[in-house]
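Trainee: Before I ask anything, let me first share the structure, which is written out below as structure tokens.
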Amino acid sequence: MSSALWLREAFCPLLSSAVTLLDSMSALGDLGWEAYPAEGWEEITVMDEKNTPMRTYQVCNVMEASQNNWLRTGHIARQGARRVYVEMKFTLRDCNSLPGVPGTCKETFNLYYHESDNGGLRHVRESQYTKIDTIAADESFTQTDVGDRVMKLNTEVRDIGGLTMRGFYLAFQDVGACIALVSVRVFFKRCPHAAHNLALFPDTVTGGDSALVEVRGSCVGDAQELEPPRMFCGADGGWLVPIGRCVCKPGFEEREGRCQPCRSGFYKASSLDALCSKCPPHSHSPQERAAECPCLEGFHRAETDPRSMACTRPPSAPESLVSTVNETSVALEWTAPQDSGGRSDVTYNVHCSWCPGSGGACLPCGGIAGGPHFLPRQLELTSPRVLVTDLLPRTNYTFSVEALNGISDLSPGPRRMVSVNVTTRQKVSVVLKERRSRDSVTLAWQEPDRALGTVLDYEVVYYEKNQREQNYTVLKTRSNIMTVDGLKPGTAYVFRVRARTDGGYGVYGGEIELETSHEDVLAIGDPGQTSVLAMSVAGGVVLFVLLVTCFIVSGRHCGYIKAKQDPEEDKMHCQPGGGQIPGSRTYIHPHTYEDPNQAVRDFAQEIEVSSIRIERVIGAGEFGEVCSGRLRLPSRREICVAIKSLKAGYSEQQRRDFLGEASIMGQFDHPNIIRLEGVVTKCKPVMIITEFMENGSLDTFLKKHDGQFTIIQLLGMLRGIAAGMKYLSEMNYVHRDLAARNILVNGNLVCKVSDFGLSRVLEDDPEAAYTTRGGKIPIRWTAPEAIAYRKFTSASDVWSYGIVMWEVVSYGERPYWEMSNQDVIKAIDEGYRLPAPMDCPLVLHQLMLHCWEKGRSERPKFCQIVSTLEQLIRSPGSLKQLANSTIWQDPSLTDLGTSTVDEWLDSIKMGQYKEHFSSSGYITLDSVLSMDTSELGNMGVTLAGHQKKILTSIQSLQSEQEPQVHV
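Quick note: the sequence shown uses the UniProt record's numbering, first residue 1, plus one each step.
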């Protein structure tokens, strides 16, 4: 109940009604109430202002002392009410206006009641009654008022709670007043019959003692419960906020508070849909109340297709089938069918038959021993190409390709195909010979017999036995002899050779397994081991490529190529000085508005409160509760949202601060920034609606899943956070409170920056800083200059990001552990930095340390951080060396003679590539140690001589930085 009641003020209270149990004004004759003693209360008839007779009781025995006059009503049935109200209208004479009256005159009377299950009470005894109150007049009349006939009427209302018996009596006790009881009305309150959210709620008597009465509603006709509909009947007879709701059944929509059938030509498939929709293309519903629209003849809808999807038909045949024969292999390529049938799930099947040379009937290829092989497969191809290998030489084949989609099996018509006839050619093979030594193998082979065309070159593939999938090497030569060196002593290798002619590649001439000799093999700890290992590594740095079927990847023939990244791959660039990228948006602070409410209107969408459904409370913020719920906007599907509410009793300043965060969020549009859905400002409570992040805050999420993610997954999270911060910095925006607790995680492990309560804007000058006027600062996450001088820049956000990196790798551990804030400030000022968490890659801790440089200008920009993380994700081998597995003295590698990448490049006369390295994310010397030729080519270093010079220097750095292994 609590998750809905806090919204009570957001809805207008439903009407209340009262049920009258007794009304003396409506009596046509004597009231017949019992008076004791007889000379006390007297029933008389008087005329009201409209000259209508009415029955009243009066008493005025003021001349005698010790008055005790009782007047009791008849038995009043309570009709199920537990609390009733008594309304009394009366006049009372001022004792001071009565001359000669002794001091026994009173100006009050007492009201009593007595519960009873029957009407058998005959005599008035004071001990039987419970006193309700002493009634006094607000105004009394005098003798002059009587002469002028100006009677001052008083009205008093009292309530009686906790009634349990069938009825009760009322009694009025006079103790010496001059009073006239003009009317008595007894009534109780009830919540009237109501309809809300397609649910009916009956008349309900209010509860006693201000208790709420929960009432279960019933759905209207042709509706069903989505959540049990409930409302609470308040003590004042008003309904409180509804909880739960009914929805119209499939085939019905809500109109005028009822569920009415969909018209012909319309349908509603799900009760969660609000309105009926027009039938999708190629379908129609001839009858009313349709839950789906049947397909027209010739069209179909798959069982898994949504009912809102248009009916579709099978695709036409593929077009432009082209074959390319390469001896006993055939590459087939075609274009997509001209008519996809209205679907995007088109796949292809390839059918094969072969015709024996004897002129016999053609047979399916499946009957051939060993059969042809289809790469990547024969059926359900998603790309319009396939490679068929291991065909018979000099044989005629027919290949047919058909296109299918998700409803092809539902269509009774014949399949439409495109076919091509091909003839294979003679294989090209080689014969291997060999000679081997301790660390090399010399291979010799004969030229292939019956080669079709001139042999252009040979391809040699070798790998360690049982290591084919992990690591193999491809070499090329024009000669029929080759020496493969740099091998491991005493290790078995597998070699294969094939020839390339004008007709293409031949098949491999079989595999040969060779083992290098065991001579001069050193044991561990041998003084010569280091040199042997170095020679082994140097010899192993050969042309290393990943062999894939070129046709499958690119769709066209290619010769021998090295696997490398697309040189056109997008790269991230930083503006000099970290300024704003031309053409990007600039953040506008809400405080720059003369009217802060205008900022909300400019940047946040106003949402009707009826579009929001609260489900449960998930937390509490600075300004009020945080709930989860659902948002359904016109023409949009219902989505899960988080709802922040502004608690009651807020000041205008608190309202501005609360909505200021929405004015900030509304300016951002990035997949790694929390998305603002809108605000509710036109009724209470004021609310901010954002996207819902299923896994909550990053620090809590990591603690809950300690050690359960791979380093690549953690890098993906860090890359997302850095991308969001790069976006903010490009908008000249400083967050000021970047920490894992302010990062939210969704169900797909996407991290998004949130909580902009401490954020500030930068000036146009990229080096400008915002100076705070005081307030709390998160010491453990804040840069030294921000702590000391209250100045914040994007560089101080980079410092905070380094702390976030440490939090992520340590799975939510508290930075600086149990150190006090003062100890943290002192330690940082003295040069202390957080050590690497357990199992942290060395290169990642290096990046953290770079973020924690004391000088702001020496820290990386967020665009550089994003590029570095992307580089690490693409090169997981650079993550193998752990920071806590080596002993090293200076994190900046100053013992190597240079302290930065720029200085290193200048030292080897390659300074022209500084920008290439920086924009590709290589910002620390440690990050360049794992570079290879392909990575240099990707960043734009294409000259072979320059590549060789840089790689030679890297090898020198590697030897100087050889880690000391703990033994």
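For every residue, glycine included, the Cβ atom is placed at its ideal position computed from N, Cα and C.
This one's a predicted model, so the numbers in the text were calculated from it and none came from an experiment.
1) Return the chain-ordered list of same chain residues with a C-beta closer than 6 Å to the C-beta of T952, the five sequence neighbours on each side being excluded.
2) DSSP on H946, reduced to helix/strand/coil?
3) Can you grab the Cα-Cα spacing for the pair E830 / A740, in whole Å?
4) Determine the DSSP secondary structure at W806, reduced to helix, strand or coil.
5) Distance, Cα to Cα, E652 vs E594?
6) Which one of N742, P261 and A403 has the shortest CA to CA distance from R416?
7) So, with DSSP's three-state summary, where would you put N821?
8) My parser needs the alpha helix (DSSP H) runs of 4 or more residues fully inside the stretch 631–696; what are they?
9) Per DSSP, what kind of secondary structure is V346 in: helix, strand or coil?
10) So, helix, strand or coil for S419, using DSSP?
11) Across the stretch 322–342 and the stretch 375–390, are there enough close Cβ pairs to call them in contact, namely three or more that are closer than 8 Å?
12) Please go through the same chain and pick out, in chain order, the residues whose beta-carbon is closer than 7 Å to the beta-carbon of Q224, but skip the five residues on each side of it.
13) Could you check what DSSP says for D339 in three-state terms: helix, strand or coil?
14) Just list the residues that DSSP pairs F709 with in beta bridges.
15) Any chance you could list the beta strand (DSSP E) runs of at least 3 consecutive residues sitting entirely within the stretch 20–104, in chain order?
16) Starting from the Cα of K880, find the closest Cα among F792, I712 and L728 and give me that residue.
17) Applying the 10 Å Cβ sphere with the 16-neighbour rule, what's the burial state of M687?
18) Could you say if the stretch 67–84 and the stretch 173–192 meet the contact criterion of at least three C-beta pairs nearer than 8 Å?
19) Between the C-alpha atoms of Q260 and N349, what's the straight-line distance to the nearest angstrom?
20) Could you check whether V626 and T681 sit closer than 8 Å to each other, using their CB atoms as the reference points?
21) Tell me where the alpha helix (DSSP H) around W904 begins and ends.
22) So, at 7 Å on beta carbons, what are the nonlocal neighbours of D30 in its own chain, with the 5 sequence-adjacent residues on each side left out?
23) Give me the Cα-Cα distance between L957 and S340, rounded to the nearest whole angstrom.
24) Between the beta-carbon of C840 and the beta-carbon of A883, is there less than 8 Å?
25) Since T312 contacts G342 with CB under 8 Å, what's their CB separation in whole angstroms?
26) Taking 8 Å as the limit between beta carbons, can you name the residues of its chain near C105, skipping five residues before and five after?
27) Here's the rule: buried if 16 or more other CB atoms are within 10 angstroms of the residue's CB, otherwise exposed. What is residue 975?
28) Take residue 996 as the anchor and find which of I618, N597 and L631 has the nearest alpha-carbon.
29) Is it buried or exposed for Q173, if we count other Cβ within 10 angstroms and need 16 for buried?
30) With a threshold of 7 Å on Cβ separation, who are the neighbours of K948 within its own chain once the five nearest residues in sequence on each side are excluded?
31) Of the choices D737, D932, E903 and L715, whose alpha-carbon is the least far from that of L844?
32) Taking DSSP as the reference, what is the three-state secondary structure of Q605?
33) So, helix, strand or coil for N742, using DSSP?
34) State whether the stretch 290–304 contacts the stretch 398–414, with contact taken as three or more CB pairs (one from each stretch) at a distance under 8 Å.
35) Looking only at C-alpha atoms, which of R736, I721, E730 and K726 sits nearest to I743?
36) Run through the DSSP bridge pairs and tell me what H373 is partnered with.
Mentor: Checking against the coordinates, here is how it stands:
1) Nothing meets the Cβ criterion.
2) The answer is helix: DSSP assigns H946 an H, G or I state.
3) Cα-Cα distance, rounded: 25 Å.
4) Look at W806 here: in three-state DSSP terms it is helix.
5) Going from the Cα of E652 to the Cα of E594 covers about 15 Å.
6) Scanning N742, P261 and A403 for the CA closest to the CA of R416 turns up A403.
7) Looking at N821 - three-state DSSP - the assignment turns out to be helix.
8) Runs of the alpha helix (DSSP H) inside the stretch 631–696: 652–665.
9) In the three-state scheme derived from DSSP, where H, G and I count as helix and E and B as strand, V346 is classed as coil.
10) Correct three-state label for S419: strand.
11) Contact between the stretch 322–342 and the stretch 375–390 is present, because at least three Cβ pairs lie under 8 Å.
12) C246, V247, K249 and S271.
13) DSSP places D339 outside both helix and strand once states are collapsed to three, so it counts as coil.
14) DSSP, once it has assigned bridges, lists no residue as partnering F709.
15) 34–36, 42–47, 53–59, 69–72 and 84–92, all fully within the stretch 20–104.
16) For K880, the nearest C-alpha among the options comes from I712.
17) The residue is buried, with at least 16 neighbouring Cβ atoms inside 10 Å.
18) Short answer: they touch.
19) Each residue's Cα considered, the two are about 48 Å apart.
20) Not in contact: T681 and V626 (Cβ atoms no closer than 8 Å).
21) Following the DSSP letters along the chain, one finds W904 inside the alpha helix (DSSP H) bounded by residues V901 to S907.
22) Contacts found: E43 and R55.
23) Taking the Cα positions, L957 is about 57 Å away from S340.
24) Less than 8 Å divides the Cβ of C840 from the Cβ of A883.
25) Going by Cβ atoms, the distance from T312 to G342 rounds to 4 Å, so yes, they are a contact pair.
26) V62, C95, L98, G176, A177 and C178, listed in sequence order.
27) Nothing in the structure corresponds to residue 975, since the chain is present only between 1 and 967.
28) Shown here, the chain extends from 1 to 967; a query on residue 996 therefore has no answer.
29) Residue environment analysis places Q173 among the buried positions, since at least 16 neighbouring C-beta atoms fall within 10 angstroms of its C-beta.
30) Cβ neighbours of K948 beyond the five flanking positions: none.
31) Nearest C-alpha to L844: L715.
32) Reduced to three states, the DSSP call for Q605 is coil.
33) The answer is helix: DSSP assigns N742 an H, G or I state.
34) A contact is defined here as three or more CB-CB pairs under 8 Å, and the stretch 290–304 meets this definition with respect to the stretch 398–414.
35) Selected option, being the one with the closest Cα: I721.
36) According to the DSSP secondary-structure assignment, H373 is paired through a beta bridge with T389.
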